[in-house]
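All residue numbers for the sequence shown refer to the numbering used here, where the first residue is 1 and numbers rise by one.
Notes follow the structure.
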Amino acid sequence: MTQQTFPATVITLSSGLRLVYMKDNSEVEYFGTIVNSGSRDDPGDRFGLAHFVEHVIFKGTARRRSWHIINRMESCGGELNAYTTKETTVVYTIFPRGNFSRASDLIGDLLCNSIFPSRELEKEREVVADEIDQYRDMPSEAVFDDFEDLLFKDSGLGHNILGSADDLRAFDSELCREYLTANFTVDNMVVFYSGSLSAAVVSRSVERNFSSLPSACRREKRIVPPPAAFFDRAVNLGNHQANTVTGSRIPSMYSPARHSFALLANILGGPGMNSLLNVELRERRGLVYAVEASTAFLTDTGLLTIYFGCDHDDTRRCRRITAGVIRKIADNGVSDRFLSTARRQFIGQQTLAADIRENAIISVARGVLYFGRVSSRKERVECIEAVSADDLRRCAATLLTEGLSTLTLE
1 MTQQTFPATV ITLSSGLRLV YMKDNSEVEY FGTIVNSGSR DDPGDRFGLA
51 HFVEHVIFKG TARRRSWHII NRMESCGGEL NAYTTKETTV VYTIFPRGNF
101 SRASDLIGDL LCNSIFPSRE LEKEREVVAD EIDQYRDMPS EAVFDDFEDL
151 LFKDSGLGHN ILGSADDLRA FDSELCREYL TANFTVDNMV VFYSGSLSAA
201 VVSRSVERNF SSLPSACRRE KRIVPPPAAF FDRAVNLGNH QANTVTGSRI
251 PSMYSPARHS FALLANILGG PGMNSLLNVE LRERRGLVYA VEASTAFLTD
301 TGLLTIYFGC DHDDTRRCRR ITAGVIRKIA DNGVSDRFLS TARRQFIGQQ
351 TLAADIRENA IISVARGVLY FGRVSSRKER VECIEAVSAD DLRRCAATLL
401 TEGLSTLTLE
């Protein structure tokens, strides 16, 4: 055991594979993997491959056909899940206590022995193509990807996770297998378990079922995205509502400033109805149905975005108000009382999120994947408590100095 911090333990197996083990006596258990590989690792111009592999990894192995895979966990009341982000792929299962052996055997088989049958790939191409079309029909979602395409132009981060219909046609069994072998490796992933079994039992099972994983990641190293020119664009799609994203690049997940930017985003447009922008744009003026601010911290960069949907004629006004709220913090900072309340609210929201075990175990595993350790709740609280009014002021000023690029789909 290389690291132990309640309630999770990190166990390094003989192969070098890291296992995050969380003891829990619940009737529901979790098991899966998080891989340091996502859409930015799509090879060349074959955009969407990481996401496509996440879909078709369930379509057949050397031991199982698709039908057997989808029934393996569902037959005991469990679920198989997977998702892809810019930098990660998560494959996991949720199941009633007492079914860990089949979960470990199945996930290991998928990662080590998937064969990507051509017939199954043809069917899944249609499924993903429909997903792409459906996504483009939701401008409140599509505007985020289009914004990131511009903000991370000419980099692996600057394309839609789903790819396009043209991209899909180029994906075959050999390409999918090459991607899996190059990225789903011992040094590039973390396995996680939350349940009632002992660490020794879980470790032995993972050792056995993941023994044939390749040892080292063989993809090209990620390239830091080049600086992007400021942009202010509106695209007329004939929508009944204008959907706007405005924002800027911020430091990466490894920067000490990430806590300050995360707190600033929560103050501006977090889930609380008392967020500054919700109060200004919705509660006081009734200009928007929804407004939200969020951060994404990646390994070599990050971004802070603010989204709102409004009537076409109100877009400029909403933008002015948004910029004014940020400028007020940049110029005047916040009071000690306001900051204390904002910290307490943010910590409380994170506490509630951590109470959802699915979120908790994946979050812990992600921390181990990128930081090599488990951080305690005390550490996380201390980082938020350490954010000062000057820190918030500097972060707000940085956003304005860098310039708030904007994209509106109207």
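C-beta: ideal position from N, C-alpha, C; glycine also.
Quiz item: Can you list, in chain order, the residues of its chain whose CB lies under 7 angstroms from that of E385, leaving out five sequence neighbours each side?
Solution: The beta carbon of E385 sits closer than 7 angstroms to the beta carbons of R343 from its chain, once the five residues preceding and following it are set aside; these are given in chain order.
Quiz item: Where does D139 fall in DSSP's three states?
Solution: The sequence given here has Pro at residue 139, not Asp. Three-state result, P139: helix.
Quiz item: Quick one: is D130 buried, meaning 16 or more other Cβ sit within 10 Å of its Cβ, or exposed?
Solution: Under this definition D130 is an exposed residue.
Quiz item: Does DSSP put S196 in a helix, in a strand, or in coil?
Solution: coil
Quiz item: Is the beta carbon of V291 less than 8 angstroms from the beta carbon of G324?
Solution: no
Quiz item: Which ranges does the beta strand (DSSP E) cover as unbroken runs of at least 3 residues, wholly within the region 150–229, from first to last along the chain?
Solution: 189–195
Exercise. Tell me whether C395 sits in a helix, a strand or coil according to DSSP, three-state version.
Key: helix
Quiz item: Nearest-angstrom Cα distance between L315 and T244?
Solution: First, the residue type needs correcting, since residue 315 is Thr and not Leu in the sequence shown. Going by the C-alpha atoms only, they are around 8 angstroms apart.
Exercise. Could you give the DSSP three-state label for E120: helix, strand or coil?
Key: helix
Quiz item: Nearest-angstrom Cα distance between S255 and H68?
Solution: 45 angstroms
Practice problem: Identify every residue that forms a DSSP beta bridge with A293. | Solution: I306
Exercise. Could you name the residues of the same chain whose beta carbon sits closer than 6 angstroms to that of T246, not counting the 5 residues immediately before and after it, in chain order?
Key: These residues qualify, in order along the chain: I306, L404, T406.
Quiz prompt | Sub-8 angstroms separation of R125 and E29 beta-carbons | solution = no
Quiz item: Buried or exposed: where does I161 fall if 16 or more other Cβ atoms within 10 Å of its Cβ makes it buried?
Solution: buried
Quiz prompt | Buried or exposed (CB count within 10 angstroms, at least 16 for buried), I57 | solution = buried
Quiz item: What do you get for L352, buried or exposed, if any count of 16 or more other CB atoms within 10 angstroms of its CB means buried?
Solution: exposed
Practice problem: With DSSP collapsed to three states, give me the class of T5. | Solution: Any reading at T5 needs caution, since the residue's pLDDT is 39, under 50, leaving its predicted position unreliable; the model's value is listed next. Three-state DSSP puts T5 in a strand.
Self-check item: S26 to E79 span [Cα, whole Å]
Solution: 16 angstroms
Exercise. Please go through the same chain and pick out, in chain order, the residues whose beta-carbon is closer than 7 angstroms to the beta-carbon of A412, but skip the five residues on each side of it.
Key: Absent from the model: residue 412. The displayed extent of the chain is 1 to 410, so no value can be given.
Self-check item: 7 angstroms Cβ shell around I132 - same chain, five flanking residues per side excluded
Solution: Here I132 has L162, S164, A165 as same chain residues with Cβ atoms under 7 angstroms from its own Cβ, once five neighbours each way along the sequence are excluded.
Quiz item: Can the beta-carbon of V374 be found closer than 8 angstroms to that of V381?
Solution: no
Quiz prompt | DSSP state of F100 mapped onto helix, strand, coil | solution = helix
Quiz item: Quick one, are the C-beta atoms of M73 and T93 less than 8 angstroms apart?
Solution: Less than 8 angstroms divides the Cβ of M73 from the Cβ of T93.
Self-check item: Cα-Cα separation, L111 to V186
Solution: 11 angstroms
Quiz prompt | Helix, strand or coil at G238 according to DSSP, with G and I counted as helix | solution = Look at G238 here: in three-state DSSP terms it is coil, with no helix or strand label.
Quiz item: If you draw a straight line from the C-alpha of L399 to the C-alpha of I329, how long is it?
Solution: 11 angstroms
Exercise. Determine the contact status of F66 and E120, defining contact as a CB-CB distance below 8 angstroms.
Key: Note that residue 66 corresponds to Ser in the displayed sequence, not to Phe. Yes; because the gap between Cβ atoms is below 8 angstroms, this pair is in contact.
Exercise. Check whether the Cβ atoms of V20 and V190 lie closer than 8 angstroms to each other.
Key: yes
Quiz item: Using CA coordinates, which residue listed in R394, A229, P7 is at the minimum distance from S194?
Solution: Taking S194 as reference, the option from R394, A229, P7 with the minimal CA-CA separation is P7.
Quiz item: If D109 and R64 are in contact, beta carbons under 8 angstroms, what's the gap, nearest whole angstrom?
Solution: Indeed, because the Cβ distance is near 6 angstroms, the residues count as touching under 8 angstroms.
Quiz item: Which of helix, strand or coil does DSSP assign to N81?
Solution: strand
Practice problem: Could you give the DSSP three-state label for D130: helix, strand or coil? | Solution: For D130, the three-state secondary structure derived from DSSP is helix.
Practice problem: Check the DSSP bridge columns for E29 and list the partner residues they point to. | Solution: Paired residue(s): F95.
Quiz item: From this set, V127, V35, R337, P271, which residue's C-alpha is nearest Q350's C-alpha?
Solution: P271
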